[in-house]
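Going down the list, the protein sequences come from chains A and B. Take 1 as the starting number for the first sequence in our numbering and just add one per residue. Take 115 as the starting number for the second sequence in our numbering and just add one per residue. Built from N, CA and C at the ideal position, the CB exists for glycine as well.
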Amino acid sequence: NAGVTQTPKFRILKIGQSMTLQCTQDMNHNYMYWYRQDPGMGLKLIYYSVGAGITDKGEVPNGYNVSRSTTEDFPLRLELAAPSQTSVYFCASRNQGASGNEQFFGPGTRLTVL
Amino acid sequence: DAKTTQPTSMDCAEGRAANLPCNHSTISGNEYVYWYRQIHSQGPQYIIHGLKNNETNEMASLIITEDRKSSTLILPHATLRDTAVYYCIVSEKAAGNKLTFGGGTRVLVKP
C-alpha cells in the first residue's frame with residue numbers, strides 16, 4: 001500500500017490564482033481530512049469527509065473547497081489564492097472500524113502564495 | 115475537545131527513556147488520549163492512544179493517571195530518529211471526529 005499520497009510536493013502561486021491539491025489513499029478508509037500547518041504551529045483542520053459525497057467544515061474552511069466523489073480521492077481547491085494561505089497542507093485518512101481516532105497522514109504539500 | 119498542556123521542549127540522551135508529560139484536566143469520560151509525533155517536514159505519525167488503562171505498543175508506552183487528568187508517553191530507548199515534535203491530543207472516538215493539534219513538545223535526542 002502506498003498509504004496517503006499528495007501532489008504536488010511544492011507549489012508557488014501568485015495572488016488570485018487557483019489550484020487543486022490532490023490527495024489519494026489506497027487503504028479504503030471512509031474518513032479523510034485536510035489540515036494546514038503554519039510555521040511553528042500545530043495543525044488546523046480545514047475540511048473533512050466521512051464518506052463519498054459527504055463533506056463538512058473544520059476549523060478554518062474559508063478560502064477553500066473540497067469534494068469527495070470517490071472513497072479514494074479528496075481534493076482541496078483554492079479559488080483565489082491569498083498570501084495568508086501560504087502554509088503546508090496535510091491530508092489524512094482514517095479507518096471507520098479503527099479502535100480509535102488513528103489518522104494516517106500524507107507527506108504534505110508546501111504552498112507559497114506571492 | 116478538552117485542551118492539553120505540554121512542556122514546550124525537552125532533551126533526552128540517546129539510549130535512555132524519554133518521559134513526555136501531558137496535562138488534560140478537563141478531559142471528559144468518553145475522550146481518549148492520543149499521541150502523535152511529527153518529524154521535521156513530514157506528516158504527523160500516530161504513536162499510541164488510550165482511554166483509562168495503560169497501553170504499550172512497539173513504539174511506546176502510555177501511562178494514564180487514575181483520575182485521567184494527566185498522562186505520560188514513554189519512549190523506552192530513545193534514538194536520534196526519535197527527535198520530533200510530540201503532540202498529546204484528547205479526542206472522542208466518534209465518527210469523523212477531528213484531532214486538535216496544539217503546540218506539542220519539541221524533543222531533541224542527543225548522542
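| query | result |
| --- | --- |
| Could you check if GLU79 of chain A is buried or exposed, using at least 16 other CB atoms within 10 Å of its CB as the buried criterion? | exposed |
| Cutting at 6 Å between CB atoms, please list the residues of its own chain near LEU43 of chain A, excluding the five before and the five after it. | TYR35 and GLN37 |
| Spatial neighbours of VAL199 of chain B within its chain, please: C-beta separation below 6 Å, excluding the five flanking residues on both sides. | GLN152, GLY218 and ARG220 |
| Roughly how many angstroms lie between the CA atoms of SER84 of chain A and TYR31 of chain A, to the nearest whole one? | 27 Å |
| Using 9 Å as the threshold, is the C-beta distance between VAL223 of chain B and ILE178 of chain B below it? | no |
| Is GLU59 of chain A close to chain B? Criterion is C-beta to C-beta, closer than 9 Å. | yes |
| Can the beta-carbon of LYS14 of chain A be found closer than 9 Å to that of ARG110 of chain A? | no |
| Measuring straight from C-alpha to C-alpha, what distance separates GLU206 of chain B and SER155 of chain B? | 27 Å |
| Please report the residue range of the beta strand (DSSP E) in which GLU145 of chain B lies. | 145 to 152 |
| Within a Cβ cutoff of 8 Å, which residues of the same chain sit near PHE104 of chain A, ignoring the five residues on either side of it in sequence? | GLY3, VAL4, GLN25, MET27, HIS29, ALA92, SER93 and ARG94 |
| Following the continuous beta strand (DSSP E) through THR55 of chain A, name the residue where it begins and the one where it ends. | 54 to 57 |
| Any residues in the segment 101 to 113 of chain A with a beta carbon nearer than 8 Å to a beta carbon of chain B? Which ones, in chain order? | ASN101, GLU102, GLN103, PHE104, PHE105, GLY106, PRO107 and GLY108 |
| For ALA82 of chain A, I'd like the list of residues in its chain whose CB is within less than 7 Å of its CB, leaving aside the five on either flank, ordered along the chain. | ILE15, GLY63 and VAL113 |
| Please name the residue or residues paired with LEU222 of chain B in a DSSP beta bridge. | B:ASP125 |
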